[in-house]
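Student: Using this note's numbering, read the sequence shown as starting at 14 and increasing by one per residue.
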Amino acid sequence: MERIDTLLANHPQRPPDPSMIAAGVAACYECGNLSVASSDACLAEPRVAELVCCIRTCLDCSDVCLATARVVSRLTKPSPMLVEAQLMACAEACRICAAECEIHAAMYEHCRVCADACRACEQACRALLHGAP
Numbered sequence: 014m015e016r017i018d019t020l021l022a023n024h025p026q027r028p029p030d031p032s033m034i035a036a037g038v039a040a041c042y043e044c045g046n047l048s049v050a051s052s053d054a055c056l057a058e059p060r061v062a063e064l065v066c067c068i069r070t071c072l073d074c075s076d077v078c079l080a081t082a083r084v085v086s087r088l089t090k091p092s093p094m095l096v097e098a099q100l101m102a103c104a105e106a107c108r109i110c111a112a113e114c115e116i117h118a119a120m121y122e123h124c125r126v127c128a129d130a131c132r133a134c135e136q137a138c139r140a141l142l143h144g145a146p
């Protein structure tokens, strides 16, 4: 996260709170990466048929998180409504994915890790929504 902090702090369009944006971007990237890794781990489980919804939800969440990280990290002439909609979508995708992963968390550690990352990303997105002017 140090690099994104440095980049945002030195961007010509420096935001009022670059560390909050950096934390949100980092949470989105981490959740996106962990969600796709968790879906892959689900695919390797012996009872994969029971995890189809979890796999799909993780992949969808990953796509939304990674897109959100990219949208939020672009500081030049953003559309506030688009950024807000993206953050709201990401928070919701993370909430849904965390709930699905929590169903399997007692049996599969990768689902627990994914659920934790989703909850953290959801909180980071909500913090950006509430901290945005």
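All C-beta atoms in this analysis are idealised placements derived from N, C-alpha and C, irrespective of residue type, glycine included.
#1: Under 8 Å between C-beta atoms, does ALA22 make it to chain C?
#2: Please check the pair CYS74 and CYS41, which I expect to be a contact at CB under 8 Å, by giving their CB distance rounded to whole angstroms.
#3: For CYS124 versus CYS103, is the C-beta distance shorter than 8 Å?
#4: Can you list, in chain order, the residues of its chain whose CB lies under 8 Å from that of VAL126, leaving out five sequence neighbours each side?
#5: With C-beta atoms as the reference, is ALA130 less than 8 Å away from CYS66?
Tutor: Here's the rundown:
#1: No chain C appears in the structure shown, which is made up of a single protein chain.
#2: Not confirmed; about 10 Å, so no contact.
#3: no
#4: LEU47, SER51
#5: Judged by beta-carbon spacing, CYS66 lies beyond the 8 Å limit of ALA130, meaning their Cβ atoms are not closer than that value.
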